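One structure is given here, and the rest of the page talks about it.
2 protein chains.
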Amino acid sequence: MAKDTKDKLLETAHSLFEEKGFDGVSMREIAEEAKVNKGLLHYYFKSKQAVFLGVFKIVSKLIYINLADILKRTDIDFDEKVGLMVDSYFTMLSKHPKMPLFVLSELSKHPEFAEGADLSGTLSEASLLIEECLAEKNINEEGAGFQFLISMVSLCVFPFMASPLTKVVRPASFKDDAQFVAARKIYIKQILIKSYQ
Amino acid sequence: MAKDTKDKLLETAHSLFEEKGFDGVSMREIAEEAKVNKGLLHYYFKSKQAVFLGVFKIVSKLIYINLADILKRTDIDFDEKVGLMVDSYFTMLSKHPKMPLFVLSELSKHPEFAEGADLSGTLSEASLLIEECLAEKNINEEGAGFQFLISMVSLCVFPFMASPLTKVVRPASFKDDAQFVAARKIYIKQILIKSYQ
DNA sequence: GTAATAGTTACCCAGTTGGCTAAAAAAATA
DNA sequence: TATTTTTTTAGCCAACTGGGTAACTATTAC
Chain S
123 MAKDTKDKLL ETAHSLFEEK GFDGVSMREI AEEAKVNKGL LHYYFKSKQA VFLGVFKIVS
183 KLIYINLADI LKRTDIDFDE KVGLMVDSYF TMLSKHPKMP LFVLSELSKH PEFAEGADLS
243 GTLSEASLLI EECLAEKNIN EEGAGFQFLI SMVSLCVFPF MASPLTKVVR PASFKDDAQF
303 VAARKIYIKQ ILIKSYQ
Chain A
123 MAKDTKDKLL ETAHSLFEEK GFDGVSMREI AEEAKVNKGL LHYYFKSKQA VFLGVFKIVS
183 KLIYINLADI LKRTDIDFDE KVGLMVDSYF TMLSKHPKMP LFVLSELSKH PEFAEGADLS
243 GTLSEASLLI EECLAEKNIN EEGAGFQFLI SMVSLCVFPF MASPLTKVVR PASFKDDAQF
303 VAARKIYIKQ ILIKSYQ
């Protein structure tokens with residue numbers, strides 16, 4: 123049951139960290155929540171930092187989106203690729219709505235983790251692939267691919283991070299959160315496609 | 123010197139909270155950093171929560187942007203209004219780049235503060251005013267104003283929150299952070315204007 | 001000068017923090 | 001069965017947490 127226990131500890135730590143942040147959680151709390159004793163937690167992780175790094179590794183995988191595979195397809199045009207990328211982000215964000223805020227706020231406190239999270243390679247590659255797609259549309263500005271990528275991520279991710287605010291401001295015409303999210307997805311695809319037309 | 127001291131305490135607390143988050147800061151730390159003793163800190167604020175609420179009130183004002191005044195102008199068209207709103211956001215964000223992340227992450231831990239921060243009224247009003255402007259452009263979808271507003275805020279704010287990541291991924295064609303921010307501002311105005319054309 | 005306000009100093013508190021250990025028991029593996 | 005791995009129990013530590021007090025001194029206002 124070794125692997126199971128370690129995973130359980132990581133899962134527990136993950137949900138606690140996401141809810142309260144690194145400083146808001148104690149080792150005792152993690153152990154108690156996982157229904158395990160402090161000793162065992164130290165048996166698997168020598169320090170709180172070690173637990174956190176384990177969680178961060180998991181999270182990096184969960185928020186990973188294979189943009190390159192979508193962008194490299196030759197059977198669909200760029201409009202459809204944009205649609206698929208946005209869909210991927212929304213699927214991920216619906217499953218893990220609190221993750222981006224957690225990652226970014228811990229990253230801003232400990233920027234050294236940015237290298238550990240191997241997101242940079244993926245994003246750089248996606249940025250270049252988008253640039254190629256845009257070039258075919260005769261959009262050749264310096265860094266256009268990067269700008270587009272950032273826009274896409276901003277548009278998808280931010281509303282989830284700001285949900286405590288958007289929920290308050292959202293007009294009555296959206297009957298609930300789910301309906302708004304669905305409408306938002308369509309809107310984002312449109313605005314992104316219009317951006318290179 | 124009463125007001126000055128209280129302000130100094132709030133400023134100190136503000137910068138510490140922004141850097142480390144609520145749980146990452148202790149009352150002792152605030153007092154030491156402000157070169158004041160714990161007793162005095164308690165003299166002005168009966169609890170850590172009280173300090174935090176004071177800071178939150180200040181922050182709410184700092185991130186406030188008078189969108190309504192821009193939107194109500196009759197001497198310029200909507201394209202120009204969009205330009206001015208984006209300019210306002212960038213000015214504010216350049217002064218306080220860490221604030222949005224701080225506000226949103228504390229808000230997600232304590233959603234009850236969302237009402238205290240009286241942003242909702244402002245944003246609701248702006249949302250309606252934008253809807254009117256868009257109606258003149260024959261865009262009448264349900265909630266179009268709200269969607270546009272969220273898009274604008276997302277595009278402006280997110281890159282600042284994700285700067286530890288964007289700095290790593292940013293292509294070499296942008297020679298530094300300042301140049302990227304300037305280019306980004308122009309790009310955002312374009313994408314927003316295209317969105318209703 | 002007297003009263004109120006502002007600020008200091010030096011304590012105390014009980015509870016929690018992250019970190020660690022030794023010994024024992026239980027479970028899995030050989 | 002004997003050995004190794006996993007898990008529990010119970011405790012320790014020094015340091016820090018937010019909160020609070022009482023006595024004292026400046027400073028300011030009236």
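Chains S and A, in that order, are what the protein sequence lines are. Counted the way this note's numbering counts, the first sequence spans residues 123 to 319. Counted the way this note's numbering counts, the second sequence spans residues 123 to 319. Backbone N, C-alpha and C define an ideal beta-carbon position, used for all residues, glycine too. Nothing here was measured: the structure is a model prediction, and the numbers come from that model.
First through last residue of the alpha helix (DSSP H) which encompasses residue i
i	result
I252 of chain A	L241 to E258
K231 of chain S	M221 to K231
G143 of chain S	From DSSP, G143 of chain S is part of no alpha helix (DSSP H); its letter is neither H nor E.
M158 of chain A	Inspection of the sequence shows that residue 158 of chain A is occupied by Val rather than by Met. Where V158 of chain A is concerned, there is no enclosing alpha helix (DSSP H), given that its DSSP letter is neither H nor E.
I192 of chain S	L189 to L193
H303 of chain S	Residue identity differs from the one stated: residue 303 of chain S is Val in this sequence, not His. V303 of chain S -> alpha helix (DSSP H) spans D299 to S317.
K217 of chain A	F200 to K217
I272 of chain S	A266 to M283
K179 of chain A	K170 to L184
Min CB distance residue i to chain A below 8 Å
i	result
Q269 of chain S	yes
E254 of chain S	no
I198 of chain S	no
I261 of chain S	no
Y272 of chain S	In the sequence under discussion, the amino acid at residue 272 of chain S is Ile, which differs from the Tyr named in the question. It does; some Cβ of chain A falls within 8 Å.
I313 of chain S	yes
L223 of chain S	yes
K220 of chain S	yes
E264 of chain S	yes
M123 of chain S	Residue confidence for M123 of chain S is low, a pLDDT of 49 falling below 50, so the modelled location carries little weight; the figure read from the coordinates is stated next. No, no contact with chain A.
beta-carbon residue i near the ligand NAD non-hydrogen atom, thresh 7 Å
i	result
E133 of chain A	The ligand content of the structure shown is nil, which means the ligand NAD is not present either.
Minimum Cβ-Cβ distance from residue i to chain S less than 8 Å
i	result
K142 of chain A	yes
L184 of chain A	no
K316 of chain A	yes
G205 of chain A	no
S276 of chain A	yes
S161 of chain A	Looking at the sequence shown, residue 161 of chain A is not Ser but Gly. So, not an interface residue.
E258 of chain A	no
Y309 of chain A	yes
G176 of chain A	no
(message) To be precise: take each residue of the region 125 to 139 of chain S, compare its Cβ to all Cβ atoms of chain A, and keep it if any distance is under 9 Å. Which residues remain?
(response) none
(request) Would you list, in chain order, the members of the region 278 to 305 of chain S that have their beta-carbon closer than 9 Å to a beta-carbon of chain A? (result) C278, V279, F280, P281, M283, A284, S285, P286, L287, T288, K289, V290, V291, R292, P293, S295, F296, F302 and A305
(request) Examine the Cβ distances between the region 145 to 161 of chain A and the region 191 to 205 of chain A and report whether three or more of them are shorter than 8 Å. (result) no
(request) Tell me, please, whether the region 302 to 317 of chain S touches the region 267 to 284 of chain S by the rule of three or more beta-carbon pairs shorter than 8 Å. (result) yes
(message) For the region 142 to 157 of chain A, list every residue whose C-beta sits within 7 Å of some C-beta in chain S, in sequence order.
(response) K142, G143, D145 and G146
(request) Assess, as a yes-or-no matter, whether the region 204 to 214 of chain S is touched by the region 291 to 310 of chain S under the definition of 3 or more beta carbon pairs within less than 8 Å. (result) yes
(request) Using a Cβ-Cβ cut-off of less than 7 Å, give me the residues of the region 225 to 250 of chain A that come near chain S, in sequence order. (result) L226, S227, L229, S230, K231, P233, A236, L241, S242, L245, S246 and S249
(message) Three or more C-beta pairs under 8 Å: does that hold for the region 246 to 256 of chain A against the region 181 to 194 of chain A?
(response) yes
(request) Specify whether the region 287 to 296 of chain A and the region 291 to 301 of chain S touch according to this definition: at least 3 beta carbon pairs, one from each stretch, less than 8 Å apart. (result) no
(request) Examine the Cβ distances between the region 277 to 288 of chain A and the region 163 to 178 of chain A and report whether three or more of them are shorter than 8 Å. (result) no
(request) Would you be able to state if there are at least three C-beta pairs under 8 Å between the region 257 to 265 of chain A and the region 214 to 234 of chain A? (result) no
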